[in-house]
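Here the structure comes first, spelled out in structure tokens, and everything after it is commentary.
As structure tokens, this is what we get:
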């Protein structure tokens, strides 16, 4: 039941069941229950509860189980406690690709791109563990969050040769996000045009947010148009495009969009921001 609630996005309910299992049911959580609880703590950014679970893990001897150690690294990193994540990682007797990837992700999320790259280079030197597709996503994402463009392109360019991993749409998304964050919009458009497959909505969203924030109206308009074409029944996308036109004083285009929304019976979702903010 814990896993079911967690998978359905109800981390609070899942944690409630975890607590009830220990207090009311008198049951000792196994490694799978602990990992689920740690993921919920990461989702809720609940460092206090995560540390309590770590205490239970230590007392019960579950810390020797690989997936539990990985879960602790993930939880601490996503709660912003990088020193604790590092401590758990380096104290682990055994590490697999998920262990290394978890800490790389944590560095990336906390703006420590240089540390993410340094750890990745250490990983490459260990013969026992090889990076997988998710590891490369973590590395590229870390480069994106820290604007390490040269390093990011180097890893992207060499991933198929060095590791036998062909770039997927998510890897391309990381690169577009990287260029967008840095304000290199023309380079991003060129990169998108040279992709081996058609850009999806996530690609254009990765470009729309930074272009809107940084005031590149033409690129923002292009990205918004592509999004409307891909998701014509999403009212917020129509509103975003209308907002771009309004800022440019293109009131005829605004009226056309509103007319199209009325014809399609689309209404803006209450509480939604007109401008997508990239964190």
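Residue numbers (the UniProt record's numbering): 1 to 279.
Where a beta carbon is used, it is the ideal one built from N, C-alpha and C, also for glycine.
Beta-carbon proximity list for residue i, same chain, < 6 Å, skipping 5 on both sides
| i | result |
| --- | --- |
| residue 65 | 31 |
| residue 45 | 79 |
Span separating the alpha-carbon of residue i from that of residue j
| i | j | result |
| --- | --- | --- |
| residue 135 | residue 117 | 11 Å |
| residue 194 | residue 124 | 29 Å |
| residue 129 | residue 102 | 14 Å |
| residue 178 | residue 37 | 32 Å |
| residue 41 | residue 157 | 36 Å |
| residue 261 | residue 126 | 56 Å |
| residue 105 | residue 257 | 40 Å |
| residue 132 | residue 241 | 38 Å |
| residue 231 | residue 224 | 10 Å |
| residue 169 | residue 250 | 34 Å |
| residue 173 | residue 60 | 42 Å |
| residue 92 | residue 29 | 21 Å |
| residue 13 | residue 87 | 29 Å |
| residue 96 | residue 138 | 15 Å |
| residue 109 | residue 145 | 7 Å |
| residue 219 | residue 43 | 33 Å |
Option in the options with minimal Cα separation from residue i
| i | options | result |
| --- | --- | --- |
| residue 212 | 232, 228, 180, 233 | 180 |
| residue 48 | 78, 29, 69 | 78 |
| residue 94 | 191, 190, 70 | 70 |
| residue 217 | 201, 81, 183 | 183 |
| residue 83 | 242, 243, 115 | 115 |
| residue 238 | 248, 227, 247 | 227 |
| residue 229 | 205, 155, 19, 151 | 205 |
| residue 235 | 266, 137, 154, 173 | 266 |
| residue 74 | 99, 201, 153, 139 | 99 |
| residue 175 | 153, 53, 252 | 153 |
| residue 162 | 191, 185, 121, 201 | 121 |
| residue 264 | 233, 92, 245 | 233 |
| residue 209 | 254, 244, 198 | 244 |
| residue 167 | 55, 53, 197 | 197 |
| residue 159 | 140, 149, 147 | 140 |
Proximal residues to residue i (C-beta, below 8 Å), its chain only, five neighbours per side dropped
| i | result |
| --- | --- |
| residue 57 | 34, 63, 68, 72 |
| residue 107 | 77, 82, 113, 115, 116, 119, 142 |
| residue 252 | none |
Chain-order list of residues whose beta-carbon lies under 7 Å from that of residue i (same chain, five-residue window excluded)
| i | result |
| --- | --- |
| residue 214 | 183 |
| residue 201 | 227, 230, 231 |
(message) As an exercise, report each continuous alpha helix (DSSP H) stretch of at least 4 residues that is fully enclosed by the segment 9-97, in chain order.
(response) 11-23, 31-44, 47-60, 66-78, 82-91
(message) I'd like the ranges of any alpha helix (DSSP H) spanning at least 4 consecutive residues and lying wholly in the segment 154-197.
(response) 169-181, 185-193
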